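Here the structure comes first, spelled out in structure tokens, and everything after it is commentary.
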Amino acid sequence: MDFPGRHAGYAEYATSPAAHLARKPETLDHVEAAAVPMAALTAYQFLVEHLRLGPGGTVLVNGAAGGVGHFAVQLARTRGAGRVIGIASGRHEAFVKDLGADRFVDYTQTAAEDVLHEEVDVLVDTVGGPDAHRFLPVLRRGGRITPVFLGEYDPERATELGITVGGWQVHSSGEQLTVLAGLFDAGRLRVAIDSVFPLSEAAQAHTRAEQGHIQGKIVLQVVA
Ligand SMILES: NC(=O)c1ccc[n+]([C@@H]2O[C@H](COP(=O)([O-])OP(=O)(O)OC[C@H]3O[C@@H](n4cnc5c(N)ncnc54)[C@H](OP(=O)(O)O)[C@@H]3O)[C@@H](O)[C@H]2O)c1
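Here it is, written out as structure tokens:
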């Protein structure tokens with residue numbers, strides 16, 4: 003990962019500043035380890051570096067089964083969130099609950115705003131979009147929305163309701179990867195692999211990504 007402001011591709015070899023790197027978690031194989039940096043750093047930086055999430059409170063993760071979301075559910079748990087709620091399509095219910103979500107909302111059957119009322123402290127929204135403002139009523143006054151992907155949250159209404167909205171761009175950090183490695187090796191964090199493609203089939207990996215409904219991460223494997 004080398005972000006932001008640079009366009010990347012896929013290659014067998016790449017250079018990187020040493021400060022961006024960390025030792026692979028001992029308990030993960032290379033495919034699993036490859037799935038970690040971008041998504042886990044994003045979830046970690048949003049919840050820990052920026053929000054400084056502490057114990058208690060309710061965290062809602064939209065897109066809870068995806069790359070960022072599945073780490074956000076688990077990291078909210080490790081930070082001692084009082085309650086973690088995941089939103090995803092129904093196929094992911096067992097997976098998201100197994101990651102530590104207390105409650106699951108299948109967005110294909112139920113709109114979150116119909117069943118959650120002024121009870122969420124932090125929304126990690128990996129989906130965003132033009133109707134993201136529908137989430138405002140699920141947050142309590144003082145709540146925080148963190149868009150991982152761009153969403154339209156109706157800033158005036160958010161201010162009236164005492165809700166703040168702020169997102170960030172993930173950045174490389176060997177130091178934070180080392181912290182995450184400790185969580186993997188302690189059995190407090192795990193990574194899910196949606197699918198693995200050889201580097202020569204990168205196009206198929208993109209086709210898989212375009213199909214949506216990702217559970218965990220897609221990995222490109224350079225060495226079998
Ligand atoms: N700000 C940053 O620095 C940063 C860093 C990394 C990624 N991102 C962005 O964050 C977004 C998410 O990344 P990702 O890697 O987690 O994507 P992903 O792996 O594709 O996961 C997205 C998840 O959202 C679910 N989903 C789709 N529509 C939904 C809806 N309407 N409601 C709830 N869940 C829905 C999908 O499965 P189901 O539909 O089956 O539930 C999927 O599991 C991407 O747009 C990415 O570009 C931003």
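Its first residue numbered 3, the sequence shown is counted upward by one per residue in the numbering used here. Note that the Cβ used here is the ideal one computed from N, Cα and C, for glycine as well. If you're wondering where the values come from, they're calculated on a predicted model, not measured in any experiment.
- Out of A83, T112 and A103, the CA that lies nearest to the CA of S91 is found in T112.
- Taking non-hydrogen atoms of ligand 1 into account, the C-beta of T112 is found less than 7 Å away from none of them.
- According to the DSSP secondary-structure assignment, L222 is paired through a beta bridge with F199.
- Beta-bridge analysis with DSSP links T166 to R146.
- C-alpha of I220 to C-alpha of G145: approximately 32 Å in a straight line.
- In the three-state reduction of the DSSP assignment, F106 falls in the strand class, which pools E and B.
- Scanning its chain for C-beta atoms nearer than 7 Å, with the 5 sequence neighbours on each side dropped, one finds around G68 the residues T128 and I216, in chain order.
- D116: member of the alpha helix (DSSP H) spanning A114 to V117, first to last residue.
- At a cut-off of 7 Å, the beta-carbon of I147 does not count as near ligand 1: no heavy atom of the ligand is closer than that.
- Rounded to the nearest whole angstrom, the C-alpha separation of L138 and G131 is 14 Å.
- Annotation: the continuous alpha helix (DSSP H) that includes G69 extends over G69 to T80.
- Taking 8 Å as the upper bound for CB-CB distance, V50 and R81 are in contact here, some 7 Å apart.
- Counting of Cβ neighbours within 10 angstroms places A103 among the buried residues, the total reaching 16 or more.
- Where D123 is concerned, the enclosing beta strand (DSSP E) starts and stops at V122 to D127.
- The closest CA to that of T180, considering only A42, Y12 and E14, is found on A42.
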